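Engineer: Would you mind keeping the following structure in view while I ask a few things?
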DNA sequence: GGGTGTTTATTAAGGTCTTTACAAAACCTC
DNA sequence: GAGGTTTTGTAAAGACCTTAATAAACACCC
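Residue numbers (full-length UniProt numbering), protein chains in the order written: chain A, 1 to 395; chain B, 1 to 395.
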């Protein structure tokens, strides 16, 4: 609330134009009347007029000459809207099996989206696919790389937010040796940021719920990751915040050598499947024995009321609740939102987790499922890229 | 960076005077030359002159006429300093055994401090002592209650930050039924805030280390609490953030009925003592058997190299590390700082915790001991009160 | 003891921005 | 087509900061 240093009159103008631009953004994608901006910003008409003039000249907003829908009598209003093409941003989700990219305009409209699967888990191959996907996405949006105003890349592993180096990424072999950040910085004129995928998913979920508060957003699939968003801002800590996969749950955990953390080995999608298989062998009466077993089948069976599956789900939920309970007690989040493949389990899992968390915490958070589809991470990357653009707005 | 709504020219002036006042504060308690303020703020001399004039008139700063120490030749500089008495703040620490109060001036100078022990743990009695301590503190500082600009009260238990109501406080019987907030609001004209004691201790510790970053500050005595400070701001979550005492550690935990949480029952000061007693009975060769056993004795023996005591300390440290590891993984704090009675254990405990945490987390935080003395909580309360004053500064 | 130099305060002029007030424009309704 | 309504546009005034020039106060030096 006042980190500004010196302040001459030009500062005022910047402040006010920024305020006007924000108002225009909040109305996007609808065009907005000038008189309306006056009300929204609380500024006077000449000020708003001046600001809009500047913004048009700078290319941030555009006029909407044809005042097609003028309500009552009166001079037709000058209407302006955000010129999305002024600063399109590119988001990239480099997952272990797929690479997807998207381009949003300033107003948050999706201009292009491309998804491609990666066969081999080798870093060099991934990099080639990344380049191809970016090229295709730019083509689809009809843009050149130089026109992109911000790039945010989501990757598994721990990322050093300063340099953009990937410090730890077990799921893609050789991924840490690739300097993804530098590779992309060469291709774009704009800032390029590399960020942990779970963190970006959390950001996307948080924006969905819009508003202040603390959110713990979990990505739960083969692996487990989480992001913490406090009052709309991503919490990074020393850089590795949200790595819940490495929580050591109570009880024995199978020892593997693939770089996964204890919690992932205990209740990752694969572990759930394995646990169900064991249960099925012990209980031939279960419907689980009727077909191939995977995580989805377990949750389906539990939803249908199969006792054996229900027991497995409850076990998984308890382990999860026990694992995150300390973090919930320390953070006291308003909500814990679960996304990723396991989130498709739905109410069965949710109810069980809620029950166990209520037992283990003082102020149990809402437990919910991410309403976002598969492109949660990509959406988060694009959100952060847009944030970047808006943050350095008065340039 | 721009939450301001409307902006006329007067806004500029407020911005600039605030900037000047901040600069004066940062130099406190030393008086500062006007020319120096020009450099610090980046504003021009006339602007600074005007701002200082306004501030003097409003009573925030005062002149230092006698330019006693003028260095080289030149016109003697006008020097100003923060007028501490402009807005003294009162901090209160209502602990289970003692009530202490302090008054700081704007510059953070301690004007008065009073500490009194409470015999009976009854709420009504505590309230009487609170009133007496406040009266004594005001007297010591030579101030009236109406002159106090902000009041912050530290109390154990969970506090609703909006109403100031105490929702849960096992250590003082009947404490929840007392509306401490209303009781004090009647006595002061200024805002009164009630806050959890561990949270305030965390704030004090965070200010000590000054700078951005994430801090988990633990208060460890008979009970266990913690506070989370992120970039200098206290994290509250839904209100009960930092309640690590209710983390359920692995292993069996004695069941008591005194409202304490599982972790407190497992490794609170009392539990440490109890564990040491058991160990001493089993190992008569230990120096622990030579005298009365309490937590301090255990740590002393461990420091001296007694194997049995070392084992107890290691056990305690491991339980602690296991309990907070999930929170450390989620938060990725820069540091975990331990205060409270157990903190006097020193290096033995610290080293053990560091070792176990390194094993359980990805980016192990610095583990340290609070350099603040017994009045950590009181200091935190005063810091928050000062923050309150500075936040509503341009009034 | 007076001159010189240095540091600082004061004053005046100039520029930028917002505000206030007023006039003009364009469209609808009657 | 006259009147009304809503909005835009323009001009003058006020507030504030900045630049620049001037004056003041003291130490040092000759």
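Where is the CB? At the ideal position from N, CA and C, for every residue including glycine.
In this text the structure is predicted, and so the values were computed from the model without any measurement.
(1) If you draw a straight line from the C-alpha of residue 1 of chain B to the C-alpha of residue 15 of chain B, how long is it?
(2) Between the alpha carbons of residue 309 of chain B and residue 301 of chain B, how many angstroms are there, rounded?
(3) Determine the DSSP secondary structure at residue 363 of chain B, reduced to helix, strand or coil.
(4) With burial defined as no fewer than 16 other Cβ atoms inside 10 Å of the residue's Cβ, what is the status of residue 139 of chain A: buried or exposed?
(5) By the three-class DSSP mapping on this structure, what secondary structure does residue 49 of chain B have?
(6) Pop quiz: residue 384 of chain B and residue 203 of chain B are said to be a contact at Cβ under 8 Å. What is the actual Cβ separation, rounded to whole angstroms?
(7) Quick one: grab the DSSP three-state call for residue 277 of chain A.
(8) Measuring straight from C-alpha to C-alpha, what distance separates residue 382 of chain B and residue 327 of chain B?
(9) Using only alpha-carbon positions, find the residue among B:392, B:393, B:390 and B:378 that is nearest to residue 194 of chain B.
(10) Looking only at C-alpha atoms, which of B:122, B:146, B:118 and B:276 sits nearest to residue 133 of chain B?
(11) Strictly below 9 Å CB to CB, what residues from chain B border residue 247 of chain A?
(12) How about residue 221 of chain A and residue 341 of chain A: are their beta carbons less than 7 Å apart?
(13) Compute the beta-carbon to beta-carbon distance between residue 181 of chain A and residue 157 of chain A, rounded to the nearest angstrom, for a pair I have assumed lies under 8 Å.
(14) Using 7 Å as the threshold, is the C-beta distance between residue 147 of chain B and residue 362 of chain A below it?
(15) Could you list which residues in chain A have their beta carbon closer than 8 Å to that of residue 226 of chain B, in chain order?
(16) Should the region 346-365 of chain B be called in touch with the region 235-250 of chain B, which here means at least 3 C-beta pairs below 8 Å?
(17) Can you name the residues of chain B whose CB is closer than 8 Å to the CB of residue 235 of chain A?
(18) List the residues of chain B that residue 53 of chain A touches, going by C-beta distances under 7 Å, in chain order.
(19) If you drop the 5 nearest sequence neighbours on each side, which residues of the same chain put their C-beta closer than 7 Å to that of residue 241 of chain B?
(20) Comparing the C-beta of residue 334 of chain B with each C-beta of chain A, is any distance below 7 Å?
(21) Could you tell me how far apart the beta carbons of residue 305 of chain A and residue 297 of chain A are, in whole angstroms, since I believe they sit closer than 8 Å?
(22) Measure the Cβ-Cβ separation of residue 37 of chain A and residue 20 of chain A and say whether it is below 7 Å.
(23) For residue 388 of chain A, count neighbouring C-beta atoms within 10 Å of its own C-beta (all shown protein chains included) and say buried if the count is 16 or more, exposed if not.
(24) Grab me the residues of residue 219 of chain A's own chain with a C-beta within less than 6 Å of its C-beta, minus the 5 sequence neighbours each way, in chain order.
(25) Straight-line CA distance for residue 208 of chain A to residue 374 of chain A?
(26) Within its chain, find whatever has a CB closer than 7 Å to the CB of residue 109 of chain A; leave out the 5 residues flanking it on each side and keep chain order.
(27) With distances taken Cα to Cα, identify the nearest neighbour of residue 82 of chain A among A:299, A:48, A:24 and A:58.
(28) When the distance is taken between beta carbons, is residue 307 of chain A closer than 7 Å to residue 356 of chain A?
(29) Taking residue 333 of chain B as the reference, which of A:335, A:334 and A:330 has the closest Cα?
(30) Ignoring anything shorter than 4 residues or poking outside the region 154-220 of chain A, list the alpha helix (DSSP H) runs there in chain order.
(31) Mind checking residue 264 of chain A: buried by the 16 CB within 10 Å criterion, or exposed?
(32) Might you give, ordered along the chain, the residues of its own chain that have their beta carbon closer than 7 Å to the beta carbon of residue 190 of chain A, omitting 5 neighbours on each side?
(33) For residue 74 of chain A, which option in A:35, A:293 and A:319 has the closest C-alpha, if you only look at C-alpha atoms?
(34) By the three-class DSSP mapping on this structure, what secondary structure does residue 74 of chain A have?
(35) Exposed or buried, residue 9 of chain A, counting other C-beta atoms within 10 Å across all chains shown (16 or more means buried)?
(36) With distances taken from CA atoms, which of B:192, B:205, B:223 and B:231 is nearest residue 211 of chain B?
Structural biologist: Quick look at the numbers:
(1) Its pLDDT being 36, under 50, residue 1 of chain B is placed unreliably by the model, and the measurement read from it follows with that caveat. Between residue 1 of chain B and residue 15 of chain B, the C-alpha separation is close to 13 Å.
(2) Their backbone Cα atoms lie some 6 Å apart in a straight line.
(3) For residue 363 of chain B, the three-state secondary structure derived from DSSP is coil.
(4) Its Cβ having fewer than 16 others within 10 Å, residue 139 of chain A is exposed.
(5) helix
(6) 6 Å
(7) helix
(8) Taking the straight line joining both Cα atoms gives about 28 Å.
(9) Residue 194 of chain B has its Cα closest to that of B:378, out of B:392, B:393, B:390 and B:378.
(10) The shortest Cα separation from residue 133 of chain B among B:122, B:146, B:118 and B:276 belongs to B:118.
(11) 325, 326, 329, 330 and 360
(12) yes
(13) Wrong, their Cβ atoms sit about 13 Å apart, outside the cutoff.
(14) With contacts defined as CB atoms closer than 7 Å, residue 147 of chain B and residue 362 of chain A fail to qualify as a contacting pair.
(15) Simply 330.
(16) Contact fails: fewer than three Cβ-Cβ distances are below 8 Å.
(17) 214, 230 and 331
(18) Here the premise fails: no neighbours, minimum Cβ distance about 17 Å.
(19) 228 and 235
(20) yes
(21) Your pair residue 305 of chain A and residue 297 of chain A does not check out as a contact, with CB atoms roughly 14 Å apart and the cut at 8 Å.
(22) yes
(23) With at least 16 other beta carbons inside 10 angstroms of its own, residue 388 of chain A counts as buried.
(24) 198, 201, 225, 339 and 340
(25) 14 Å
(26) Only 29 and 84 meet the Cβ criterion.
(27) A:24
(28) Contact: no.
(29) A:330
(30) 180-185 and 197-209
(31) buried
(32) 148, 149, 150 and 151
(33) A:35
(34) coil
(35) exposed
(36) B:231
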